[in-house]
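**Q**
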Amino acid sequence: MNQSENSQFLETERISKLMLKFSIPCVLSLLVSALYNIADQIFIGNSELSALGNAATGVVFPIFIIAQAFAWCFGDGCAAYLNICQGRKDTKSAHKAIGTGILITVLASLALMFLFFPLKKHLLTLFGASANSIGMAVEYFNVILVFFPIYMLSNMMNAVIRADGSPAWSMASMLLGAIVNIMLDPVFIFGMYWGMTGAALAMVTGQCISFVISVVYFFRTKTFKLTKESFVFDIKTFSQALKLGASSFITQMTIVMISLVCNVMLANYGAGSRYGVDIPIAIIGIESKVFTVVINLVVGIVLGCQPMIGYNIGAKNYTRVRQLYKSVLVCTIIIDVMSTLLFELAPRAVVGIFGSPTNIPNPEDYWVFAEKTFRIFLSLVTFTCIIKMTSIFFQAVGKPVQAAISSIIRDIVCFIPLILILPMFLGIEGILFAAPIADFIAMMAAVLLTVSYLKSLDVDYVEKNGESLKAFKTGY
1 MNQSENSQFL
11 ETERISKLML
21 KFSIPCVLSL
31 LVSALYNIAD
41 QIFIGNSELS
51 ALGNAATGVV
61 FPIFIIAQAF
71 AWCFGDGCAA
81 YLNICQGRKD
91 TKSAHKAIGT
101 GILITVLASL
111 ALMFLFFPLK
121 KHLLTLFGAS
131 ANSIGMAVEY
141 FNVILVFFPI
151 YMLSNMMNAV
161 IRADGSPAWS
171 MASMLLGAIV
181 NIMLDPVFIF
191 GMYWGMTGAA
201 LAMVTGQCIS
211 FVISVVYFFR
221 TKTFKLTKES
231 FVFDIKTFSQ
241 ALKLGASSFI
251 TQMTIVMISL
261 VCNVMLANYG
271 AGSRYGVDIP
281 IAIIGIESKV
291 FTVVINLVVG
301 IVLGCQPMIG
311 YNIGAKNYTR
321 VRQLYKSVLV
331 CTIIIDVMST
341 LLFELAPRAV
351 VGIFGSPTNI
361 PNPEDYWVFA
371 EKTFRIFLSL
381 VTFTCIIKMT
391 SIFFQAVGKP
401 VQAAISSIIR
411 DIVCFIPLIL
421 ILPMFLGIEG
431 ILFAAPIADF
441 IAMMAAVLLT
451 VSYLKSLDVD
461 YVEKNGESLK
471 AFKTGY
């Protein structure tokens with residue numbers, strides 16, 4: 001079976017069967033990825049490091065996202081390009097983009113290391129580290145930064161592995177790394193008394209395991225083969241993949257901007273409230289990790305479907321693309337409604353997993369702010385996830401502009417201005433209300449973009465088949 005035949009089942013197999021095969025491993029893989037940070041935060045929160053330790057990991061988290069932005073941009077772009085090439089029966093271009101993507105990921109990771117190391121205290125303070133938590137944050141960050149190349153390459157390669165039709169391998173890579181991380185966390189934190197350094201060492205050890213497993217896969221790929229020629233810079237080919245991955249970069253960097261603005265505003269308005277500076281920063285850090293679990297469920301489903309979407313777009317099988325979008329949308333709504341009920345009805349139970357505050361003056365204020373955060377900030381999490389799902393869908397079909405617009409409207413156009421304005425009238429609670437208002441506005445924009453695109457598929461279908469639009473819609 002040649003490389004093009006190896007992918008043809010993406011056009012013919014039943015959608016529900018393909019979603020089970022591709023999306024479940026992808027979801028598990030991304031959930032495991034989320035566990036890296038969550039495991040650290042749970043063990044830190046239940047140790048003597050307590051709430052201040054969680055605040056420290058919270059201010060490091062946005063810097064992780066910066067590294068992830070570059071890795072996902074290169075990886076998701078190469079993955080989407082690979083799937084579109086498969087649909088076009090083009091077996092000559094994708095390997096050049098992937099090889100160049102690997103080289104550029106290495107260069108980007110080294111550049112970030114050398115940029116961040118001398119600026120670490122300034123960066124962490126900028127992202128909300130207080131005098132109480134800055135020492136812990138620096139201790140944690142020092143270890144993480146050294147392993148940036150491995151972390152970024154692992155993320156980049158995992159996206160390609162999923163697109164190559166091996167989501168189970170990607171899942172195994174992340175799962176084994178997370179298991180190692182979780183096993184080492186209590187040993188290093190409680191057994192060896194290494195504190196924040198121990199938590200960081202447990203994490204990077206797990207990342208190394210994931211990296212090695214990903215590298216092994218690249219010697220047994222299905223639909224492309226890497227050769228020496230693959231690692232000769234081919235900027236022209238890679239630029240096609242880069243366009244498709246641009247929305248991932250924009251999405252991740254907007255998360256960084258949001259974290260920066262949000263943490264600065266929380267520190268400013270928290271200082272003048274009953275909660276102080278460290279409680280809001282710690283709670284938002286926890287909220288970010290919990291939200292990552294929910295969003296990764298949705299992202300895992302749509303990324304699992306990306307090979308099918310990209311292949312069928314390349315093959316001009318537009319009816320199947322529409323069916324895939326509807327299937328992903330239904331799954332997204334089910335997951336998010338269940339998550340919303342949990343956040344509204346049992347916020348203390350969710351936050352309690354991360355330990356009880358023992359090193360702050362007023363522990364009850366911690367729980368009060370936690371309840372407000374989960375019930376207000378995440379009240380329209382369903383809209384948030386549909387917007388994200390829509391952005392990835394546009395990326396998969398080769399529409400990077402629509403993908404970027406979907407993310408930018410929510411995060412840049414709406415959320416950041418609201419987070420700057422609302423606290424003037426509502427105090428620190430205004431920061432929490434900014435999220436659902438931004439979600440509502442951006443959701444309307446996402447609906448308009450999606451409807452417009454799906455209608456364009458109707459027109460393309462008619463042009464391809466020479467049938468009337470009316471007959472097509474009736475048959476569909």
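Oh and the sequence shown: position 82 is 82 in this note's numbering, straight run, nothing missing.
Heads up, the beta-carbon is just placed ideally off N, CA and C, and yes, glycines get one too.
Hey, would you say V381 sits closer than 8 Å to D411, going by beta carbons?
**A** It is not a contact, given that the beta carbons lie outside the stated cut-off.
**Q** Whose CA, out of L107, M444, C385 and S130, lies closest to the CA of L297?
**A** When each option's Cα is compared against that of L297, the closest is C385.
**Q** Any chance the stretch 200-213 sits against the stretch 228-240, with 3 or more Cβ pairs inside 8 Å?
**A** Counting Cβ pairs under 8 Å, fewer than three are found: no touch.
**Q** Tell me, to the nearest whole angstrom, how far the beta carbon of T57 is from that of Q41; I am working on the premise that it is less than 8 Å.
**A** With 8 Å as the limit, T57 and Q41 qualify as a contact, their Cβ atoms being about 5 Å apart.
**Q** In chain order, what residues of the same chain lie with their CB nearer than 8 Å to the CB of G285, ignoring the 5 residues before and after it?
**A** Correct list, in chain order: Q41, N54, A55, T57, G58, V59 and F61.
**Q** So, at 6 Å on beta carbons, what are the nonlocal neighbours of D439 in its own chain, with the 5 sequence-adjacent residues on each side left out?
**A** The residues are L380, F383 and T384.
**Q** Quick one: grab the DSSP three-state call for N181.
**A** Helix, per DSSP.
**Q** Write down the C-beta distance between F238 and T100 rounded to the nearest angstrom, noting that I regard them as a contact closer than 8 Å.
**A** Right, their Cβ atoms sit about 4 Å apart.
**Q** Go through its chain and collect everything with a Cβ distance to S16's Cβ below 8 Å, but skip five positions before and after it.
**A** Taken in chain order, the residues that qualify are S327.
**Q** Any chance the CB of F190 is under 7 Å from a heavy atom of the ligand MG?
**A** In the structure on display, the ligand MG does not appear, and there are no ligands present to speak of.
**Q** Do G300 and L30 have their CB atoms nearer than 8 Å?
**A** Yes.
**Q** Out of curiosity, what's the CA-to-CA distance linking F249 and D76?
**A** Using only the alpha carbons, I get a separation of about 9 Å.
**Q** Tell me the DSSP secondary structure of W194 in three-state form.
**A** Reduced to three states, the DSSP call for W194 is coil.
**Q** By a C-beta neighbour count over all protein chains shown, 10 Å radius and 16 as the cutoff for buried, is K455 buried or exposed?
**A** Counting Cβ neighbours within 10 Å, K455 comes out exposed, since fewer than 16 surround it.
**Q** To which residues of the same chain is A445 closer than 6 Å at the C-beta, ignoring the five residues directly before and after it?
**A** Excluding residues within five positions, the ones whose Cβ falls inside 6 Å are I409.
**Q** Does the separation of the CB atoms of D365 and S133 fall below 8 Å?
**A** No. Outside cutoff.
**Q** With a threshold of 6 Å on Cβ separation, who are the neighbours of I255 within its own chain once the five nearest residues in sequence on each side are excluded?
**A** Correct list, in chain order: I65.
**Q** Count Cβ pairs between the stretch 72-91 and the stretch 258-277 that sit closer than 8 Å; are there 3 or more?
**A** No: fewer than three Cβ pairs fall under 8 Å.
**Q** Give me the residue from I333, Q240 and R320 with the minimum Cα distance to L457.
**A** Answer by Cα proximity: R320.
**Q** Below 8 Å, how does it come out for the stretch 263-270 and the stretch 114-133: are there three or more Cβ pairs, yes or no?
**A** With a cut-off of 8 Å, the stretch 114-133 and the stretch 263-270 count as touching, because enough Cβ pairs lie within range.
**Q** For L244, count neighbouring Cβ atoms within 10 angstroms of its own Cβ and tell me buried if that reaches 16, exposed if not.
**A** Buried, because 16 or more other Cβ atoms sit within 10 Å of the Cβ of L244.
**Q** Let me confirm a value: L165 is counted as buried when at least 16 other C-beta atoms fall within 10 Å, else exposed. Which label applies?
**A** Checking the sequence shown, residue 165 turns out to be Gly, not Leu. Classification of G165: buried, given that the 10 Å Cβ count is 16 or more.
**Q** For the alpha helix (DSSP H) holding C78, just list the boundary residues, first then last.
**A** Per DSSP, C78 belongs to the alpha helix (DSSP H) from S50 to G87.
**Q** Pull up the distance between the alpha-carbon of S391 and that of F415, whole angstroms please.
**A** In a straight line, the C-alpha of S391 is about 17 Å away from that of F415.
**Q** Nearest CA to the CA of F218: which residue from M156, L115, T251 and E139?
**A** Checked all of M156, L115, T251 and E139; the closest Cα to F218 is M156.
**Q** Relative to the C-alpha of K316, which residue among A51, C85, I428 and P25 is closest?
**A** Ranking the options by Cα distance to K316, first place goes to C85.
**Q** In chain order, what residues of the same chain lie with their CB nearer than 7 Å to the CB of F377, ignoring the 5 residues before and after it?
**A** Closer than 7 Å at Cβ, skipping near neighbours: E287, L432 and A435.
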